[in-house]
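Residue numbers (my numbering), protein chains in the order written: chain A, 194 to 531; chain B, 20 to 321.
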Amino acid sequence: MAESKTVKTVKAKKPVKTAKTTRTKKAVKSAKPAVAPERARIVYDIDAYSPQKIAARIDAVTAVKAKDSPAATFWLGVNAGVFIALGAQFATLIMSDSGLHSGLTAVVAGIVFCLGLILVVVAGAELFTGNCMIFIGYLEKRITTTRIFNHWNYSLIGNFVGSLIVVCFMYKANQFEFYDYMVGAKALLIANKKVNLTFPAAFSKAVLCNAMVCMAVWVCFSARNVADKIMTLIFPIAGFVASGFEHLVANMYFIPMGIFLKGNTEVVAAAERMAGKTLDLTNLTWKGFFVLNQFPVLLGNVFGGVVLAGLAFWFIYLRPRLDFTFTIKEDFHRDKVK
Amino acid sequence: MSDKNKLESVSSTAQQSSTPFIDIDAYAPKMMANRVGQVGVSKAEMGFLTTLALSILAGVFIALGIQLAMLVTHTATSSFGLNALVGGVVFTMALVLIVITGAELFTGNCVFAMSFFAGKITRGDLSRNLIISFIGNFIGALTIVFWIYISAQWTANDHLLGAKIVIAANEKVNLTFGVAFARGVLCNALVCLGIWMCFSARNNLDKVLSLLWPISCLIACGFEHCVVNMWLIPMALVLKGNRFVMEAVERVNGGPLDITNLTIAKGFIGYNLVPVVLGNLFGGIILVAGVYWFVFLREPKK
C-alpha cells in the first residue's frame, strides 16, 4: 500500500506542478508551504469508511470475536434468532393482505423485514449468515480453525433457539387469528412453499440470499452512525426478501411456524381459501424442514457468504500484495533519478 | 454481525495512520450497555416530582400517538396489511417524542433494569422508578382521555372513529391470560430494543430511524402495550355510554357487539392490564435488559 501511494503521489504531482507553474509562479510558491502541511495532518476524519478500511475493520472485529466466550456468543446468537424471527413475522403480517400486486407487496414486506437486520446490526447480535463474513479474518489468521467453527456452531444453535422462542410466543399470542385467519394462512403458505423446493433451487436461492446479506453487513461497516447503517441495509435486505431468496435463520421461523399452524384446522381452511385449491402439506414436517430446506440452504448460505462475499473481498482488498508493476515502476523511477 | 468493541477495531493496524482524535461512530453494544447503566443511575437519583412529571408527559405522548394511529386507520380503504403498517408508522411519533424529550415511560424504563443487574442501583431504586412512572403514565393517559373526550374528536367521520376505538378496546379486554401475556412480552421486547438501539445513536436522525421499525412493528402486529391500553380502554369505557358511537359500532360490526367485558375492574384491570403488565415486565427486564447485561456487563467469574 505504501509503495503504491508514493508512486501515485509522484505521478499526480508532476502534471499539477507543470500546469500551475505555467500560469502563475508566484502564487504557487506562496501557497504551497501554507497548504501542504495542513493537508498532510488529519485531525479528525468523519467520512464514511472506505472499502479498504471496511476490510480492515472486519478483520479487526474477527480478532475481537475470537476472544468472545462461548456463552456470550450463544446468547447473542439467541438474540439474532429472535430479531430475525420478529422481522419475519412482521413481514408475514404485512404480506397477508396488502391490496397491492405481488411485486409491490414483496417490496413492502422486504422493507419491514429490515427490522430483523437493523436490530442485529445496531443492537448487537451474532447472526450466523452475517458471521460468514469473518472468514475474511480467518484468511488473515486472526482466528484459528477450531475457533471459527465453534463460533459458527454456537451462533447457529443460538439462532435456532431464538427463532423457536419467538415461534412459541407468536403461536401463544394467537396472531394467526388476525384478519379472519389470513395471517396464519399466509404463514402456512410461505412455509409450505419453502419445503417444496428442489435441491438446486434451494441451494441457488440460498447462495444469492447470503451474498446479499453479507453485502448488507459489508456496507454497514462503512457507516459512521445508525442512520447510515439503516439506510444502507434497507436496499440489499429488502432486495433479497422481495426476490424470495432463502435465508437460513428466517426459515427457522417461517417453517416451524408453519408446522405449528398445520395442526390448526381453521388456518388450513383459510390457507386453502387463499390459495384457491386444496393444499398438499405432506412435506411440512420436521423432517422436511431439516432435509428439504435447512440442509441445502445451509450449504448455499455458507457458499454465498464465505466464497462469494468473504473470499472475494479478501482477494480484492487484503490478499498478500504481489504487485510486480509497482516494484518495476519504482526501480525504473530510481534509475531515472540516478 | 455486531461491530462491538469498536475501540479495538479503531486501534487496529490498518487505521493507526489516520489517528482519529474525535470518535463520531455509533456506539458499539458494549458502550451502549455502559451508557444504559449510567442513565439508570441518574434516573434512580432523580427526584420524585421530576420523575412523576416526566412520566405524566410520557403517558400524554403515548396517548397522542395511539389516538393518531386510531384516527389514521379507522376507515382506511387500503387492505389489512398496509393499514396496520401505516398505523404503526404514525404511532412511532409517541416514542420519538419520549426518547428525544427524555420522558419516563414505564415500558421503556424496563431496559434500565440493566443497571440493577450490574449492581449500580438497588432493587428499591428500580421498583421506585417503575412504580412512579407507571402511575405517571396512567395519569397522563387519563388526561388525554379527558381532553380527547372534551374535544369531541371521536365524533369525527360520523362517529366512526369512536366506533373504531370501542371495537379495538373490546378486542383487548376479551383476551385470555396466556394470549395477553405473550403479546405483552413481544411488545415490550420490541419497545426496549428500540430504546436500546437509541443508545447507539449520536443524533436525532439515528434515533428516529432506529425507533421506526420496532415501534411500527409492535402496533402493526397488534401486540399489547400497557400504556397504550391505559388510553385506549378508558376511552372506550367513556364512549361506551354514547348512543351515537354504539350505533356506529353496530354499523361497522354488522350487528350488536358484545361489550359485557368492557368494564373497569373485570375487563380493563383483570383481563388486560394485569397480564399485559406482567408480560411487559418479563419482556423488558428479562429478555432485553437481562440478556444484554449477561452478554456485556456481567463480571466474569474468577
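Here a beta-carbon is modelled for each residue, glycine too, at the ideal position from N, C-alpha and C. Quantities reported herein were computed from a predicted structural model and do not represent experimental measurements.
Would A:Gln245 be called buried (16 or more neighbouring beta carbons within 10 Å of its own) or exposed? For the purposes of this step, residue 245 of chain A is taken as residue 52 along the first sequence, with counting starting at 1. Counting other Cβ atoms within 10 Å of its Cβ, A:Gln245 stays below 16 and is therefore classed as exposed.
List in chain order: all unbroken alpha helix (DSSP H) runs of 4+ residues lying wholly within the segment 181 to 252 of chain B. Counting only runs of 4 or more, we get 196 to 217, 223 to 239.
Short check: CB of A:Arg380 to CB of A:Met445, under 8 Å? The residue given as residue 380 of chain A occupies position 187 in the first sequence. The residue given as residue 445 of chain A occupies position 252 in the first sequence. One point to set straight first is that residue 380 of chain A is Ala, not Arg, in the sequence displayed. Their beta carbons are not under 8 Å apart, which means A:Ala380 does not touch A:Met445 by this criterion.
Relative to the alpha-carbon of B:Ser78, which residue among B:Glu318, B:Trp250, B:Val295, B:Leu292 has its alpha-carbon at the smallest distance? Reading the second sequence from its first residue, position 59 is the one you call residue 78 of chain B. Sequence check: residue 78 of chain B is Gly here, not Ser. Minimum Cα distance to B:Gly78 is reached at B:Trp250.
For chain B, is any of its Cβ atoms less than 8 Å away from the one on A:Gly451? Within the first sequence, numbered from 1, the residue matching residue 451 of chain A stands at position 258. So no, A:Gly451 is outside the interface.
So, A:Phe369 versus A:Val484, is the Cβ gap smaller than 8 Å? One-based indexing of the first sequence puts residue 369 of chain A at position 176. One-based indexing of the first sequence puts residue 484 of chain A at position 291. The Cβ atoms of A:Phe369 and A:Val484 lie no closer than 8 Å to each other.
Work out the CA separation of A:Ile311 and B:Leu306 for me, nearest whole Å. Along the second sequence, one-based indexing puts residue 306 of chain B at 287. Along the first sequence, one-based indexing puts residue 311 of chain A at 118. Each residue's CA atom was taken as its position, placing B:Leu306 and A:Ile311 some 18 Å apart.
Please state the DSSP three-state secondary structure of A:Ala394. Within the first sequence, numbered from 1, the residue matching residue 394 of chain A stands at position 201. Assignment of A:Ala394 by DSSP, reduced to helix, strand and coil, places it in the helix class.
At least 3 beta-carbon pairs within less than 8 Å: the segment 108 to 125 of chain B vs the segment 185 to 192 of chain B: Two segments are said to touch when three or more pairs of C-beta atoms, one from each, lie closer than 8 Å; by this definition the segment 108 to 125 of chain B does not touch the segment 185 to 192 of chain B.
Could you run through the segment 224 to 239 of chain B and flag, in chain order, every residue whose CB is less than 7 Å away from some CB of chain A? Of all residues in the segment 224 to 239 of chain B, Leu224, Asp225, Leu228, Ser229, Trp232, Pro233, Cys236, Ala239 have a Cβ within less than 7 Å of some Cβ in chain A.
Does the distance from the CB of A:Gly270 to the CB of A:Ser356 come in under 8 Å? By one-based count along the first sequence, residue 270 of chain A stands at place 77. By one-based count along the first sequence, residue 356 of chain A stands at place 163. Contact: no.
Going straight from the alpha carbon of B:Ala43 to that of A:Phe283, what length do you get? Against the second sequence, residue 43 of chain B aligns to sequence position 24. Against the first sequence, residue 283 of chain A aligns to sequence position 90. Here residue 43 of chain B is Ile; the residue named in the question, Ala, does not match the sequence. A straight line joining the alpha-carbon of B:Ile43 with that of A:Phe283 spans about 32 Å.
State buried or exposed for A:Ile294, treating a residue as buried only when at least 16 other CB atoms are found within 10 Å of its CB. Mapped onto the first sequence, residue 294 of chain A falls at position 101. The question names Ile, but residue 294 of chain A is His in the sequence shown. That one is exposed.
Using a Cβ-Cβ cut-off of 6 Å (strictly less than) and excluding sequence neighbours within five positions of B:Ile158, which residues of its own chain qualify? Counting from 1 along the second sequence, the entry for residue 158 of chain B is found at position 139. Contacts found: Ile75.
Neighbour flag for B:Trp312 against chain A, beta carbons, 8 Å: Numbered from its first residue, the second sequence carries residue 312 of chain B at position 293. At a cut-off of 8 Å between C-beta atoms, B:Trp312 does not count as an interface residue with respect to chain A.
Is A:Pro393 closer than 8 Å to A:Asn343 when the C-beta atoms are compared? In the first sequence, the residue the question calls residue 343 of chain A occupies position 150. In the first sequence, the residue the question calls residue 393 of chain A occupies position 200. At least 8 Å separates the beta-carbon of A:Asn343 from that of A:Pro393.
Measure the C-alpha to C-alpha separation of B:Val130 and B:Phe196 and round it to an integer number of angstroms. On the second sequence, position 111 is the one that residue 130 of chain B refers to. On the second sequence, position 177 is the one that residue 196 of chain B refers to. Taking C-alpha positions only, B:Val130 is separated from B:Phe196 by approximately 24 Å.
The alpha helix (DSSP H) enclosing A:His294, as first and last residue numbers: Taking the first residue of the first sequence as position 1, residue 294 of chain A is located at position 101. Per DSSP, A:His294 belongs to no alpha helix (DSSP H) and is neither H nor E.
Enclosing alpha helix (DSSP H) for B:Glu266 [first to last residue]: Locating residue 266 of chain B in the second sequence gives position 247, where the first residue counts as 1. Membership of B:Glu266 in the alpha helix (DSSP H) is indicated by the continuous run 262 to 272.
I need the straight-line Cα distance from B:Leu194 to A:Arg340, nearest angstrom please. Indexing the second sequence from 1 puts residue 194 of chain B at position 175. Indexing the first sequence from 1 puts residue 340 of chain A at position 147. A straight line joining the alpha-carbon of B:Leu194 with that of A:Arg340 spans about 47 Å.
Could you give the C-beta distance for B:Met89 and B:Ile184, rounded to a whole number, given that I count them as a contact under 8 Å? Residue mapping note: residue 89 of chain B aligns to position 70 of the second sequence, counting from 1. Residue mapping note: residue 184 of chain B aligns to position 165 of the second sequence, counting from 1. Rounded, the Cβ-Cβ distance is 6 Å, consistent with contact.
Should the segment 428 to 437 of chain A be called in touch with the segment 470 to 489 of chain A, which here means at least 3 C-beta pairs below 8 Å? Between the segment 428 to 437 of chain A and the segment 470 to 489 of chain A there are fewer than three C-beta pairs closer than 8 Å, too few to call the two in contact.
Quick one: measure Cβ to Cβ for A:Ser289 and B:Gly241, integer angstroms, because I've assumed they're closer than 8 Å. Translated into positions along the first sequence, residue 289 of chain A becomes position 96. Translated into positions along the second sequence, residue 241 of chain B becomes position 222. Cβ atoms of A:Ser289 and B:Gly241 stay farther apart than 8 Å, at about 12 Å.
Where does A:Ala248 fall in DSSP's three states? Looking up residue 248 of chain A in the first sequence gives position 55. Three-state result, A:Ala248: helix.
How many whole angstroms separate the CB atoms of A:Val406 and A:Thr322, which I take to be in contact at a CB cut-off of 8 Å? Within the first sequence, the letter at position 213 stands for residue 406 of chain A. Within the first sequence, the letter at position 129 stands for residue 322 of chain A. So it is a contact: roughly 5 Å between Cβ atoms.
Mind checking if B:Asn222 is an interface residue toward chain A, Cβ cutoff 8 Å exclusive? In the second sequence, the residue the question calls residue 222 of chain B occupies position 203. Closer than 8 Å: yes.
For A:Arg512, would you say it is in contact with chain B, using Cβ-to-Cβ distances shorter than 8 Å as the test? Here the question's residue 512 of chain A lines up with position 319 in the first sequence. No, no contact with chain B.
Buried or exposed, going by whether 16 or more other CB atoms sit within 10 Å of the CB of B:Ser229? Position 210 of the second sequence holds residue 229 of chain B. By the neighbour-count criterion, in which a residue is buried when 16 or more other Cβ atoms sit within 10 angstroms of its Cβ, B:Ser229 is buried.
Taking only three categories from DSSP, how would you classify B:His178? The sequence position of residue 178 of chain B within the second sequence is 159, counting from 1. Helix at B:His178.
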